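Enquirer: In terms of our numbering, the sequence shown is residues 268 to 467.
Glycine residues also receive a C-beta, built at the ideal position from the N, C-alpha and C atoms.
All values reported here derive from a predicted model rather than from experimental measurement.
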Amino acid sequence: MVRSKVSFKGFKISIDEKIALEDLEELINESIEPARFINTFTLGFSVENSVISKLSIPERNIKELPNSFLNLKSLKELNLFENELNMLPRDFGKFKLLGFLNLVANNLKKLPKSFTQLISLNTLYINQNRLRSLPKLFGNLKNLERLNLRNNNLTVLPKSFLNLSKIRLLFIENNPLNADAIEILLRLNGEGANIDINLD
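1. Tell me the rounded alpha-carbon separation between residue 284 and residue 383.
2. Quick one: using the 10 Å Cβ neighbour count with 16 as the cut-off for buried, is residue 453 buried or exposed?
3. When the distance is taken between beta carbons, is residue 419 closer than 8 Å to residue 396?
4. State the DSSP-derived secondary structure class of residue 454, mapped to helix, strand or coil.
5. Given this structure, state the Cα-to-Cα distance separating residue 327 from residue 293, to the nearest angstrom.
6. Please state if the CB of residue 314 and the CB of residue 323 are separated by a distance shorter than 8 Å.
7. Less than 7 Å between C-beta atoms, sequence neighbours within five positions excluded: which residues of the same chain meet that for residue 434?
8. If we ignore side chains and look at the alpha-carbon of each, how far apart do residue 281 and residue 423 end up?
9. Within the segment 313-358, note down every full alpha helix (DSSP H) run reaching 4 residues or more, in order along the chain.
10. Enumerate in chain order the residues of its own chain whose CB-to-CB distance from residue 467 is below 7 Å, with the five nearest sequence positions on each side excluded.
11. How far does the beta strand (DSSP E) with residue 285 in it reach, from first residue to last?
12. I'd like to confirm the pairing. Which residues does DSSP put opposite residue 274 in its beta bridges?
13. Among 286, 277, 316 and 380, which one has its Cα closest to the Cα of residue 300?
14. What residue from 352, 272 and 296 has the CA that sits closest to residue 317's CA?
And the structure:
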């Protein structure tokens with residue numbers, strides 16, 4: 268059964284996506300408008316083939332995403348820069364098309380287990396949070412090429428981290444990493460990654 272499309276700000280999208288955007292607008296008490304170009308500081312969304320493909324909501328003091336947020340399952344790019352997120356939805360891994368994710372400068376202490384199911388993720392910026400650890404299967408994100416983990420509270424890294432064979436840029440300085448974590452990074456660096464790490 269094909270779900271009918273509804274009109275939203277000049278675009279035809281699914282009713283589920285419309286509900287998600289309206290819930291987000293209510294949450295931030297501000298209109299989210301279509302945007303041709305989206306960058307770190309843009310508030311807006313983009314539509315591609317009648318689905319929401321890009322969404323950017325920076326600097327809006329969001330502490331928790333509404334349940335309907337998971338309706339935006341066709342997202343390819345998501346920017347939530349400098350909010351106040353304490354956690355991500357448990358089923359965040361449902362965003363199978365997500366290739367770019369900016370979670371810089373939030374309050375995240377951990378990631379849900381499902382995060383490791385983001386099979387298309389190519390770029391992850393999650394620096395300036397409060398992460399103490401990463402999911403055990405973080406290495407399942409095998410398409411990751413750019414990863415920024417700077418300025419967190421990471422002491423350990425999962426062994427699966429070595430499975431990130433496509434990593435080319437990894438920023439992880441200013442974390443209190445233990446000796447085992449540093450050994451993992453050195454091994455990964457030997458396999459072609461470009462790692463920026465401060466061992467002082």
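Expert: From the atom records:
1. 24 Å
2. With fewer than 16 other Cβ atoms within 10 Å, it is exposed.
3. Contact flag set, yes.
4. In this structure, DSSP gives residue 454 a helical state, which the three-state scheme calls helix.
5. 12 Å
6. no
7. 411, 412, 414, 455 and 460
8. 42 Å
9. none
10. Per-residue confidence for residue 467 stands at a pLDDT of 46, beneath the threshold of 50, marking its modelled position as unreliable; the derived number appears in the next sentence. So no residue of the chain qualifies.
11. Looking at the DSSP string, residue 285 is not in any beta strand (DSSP E); the run it does join, the alpha helix (DSSP H), is 282-295.
12. 279
13. 277
14. Selected option, being the one with the closest Cα: 272.
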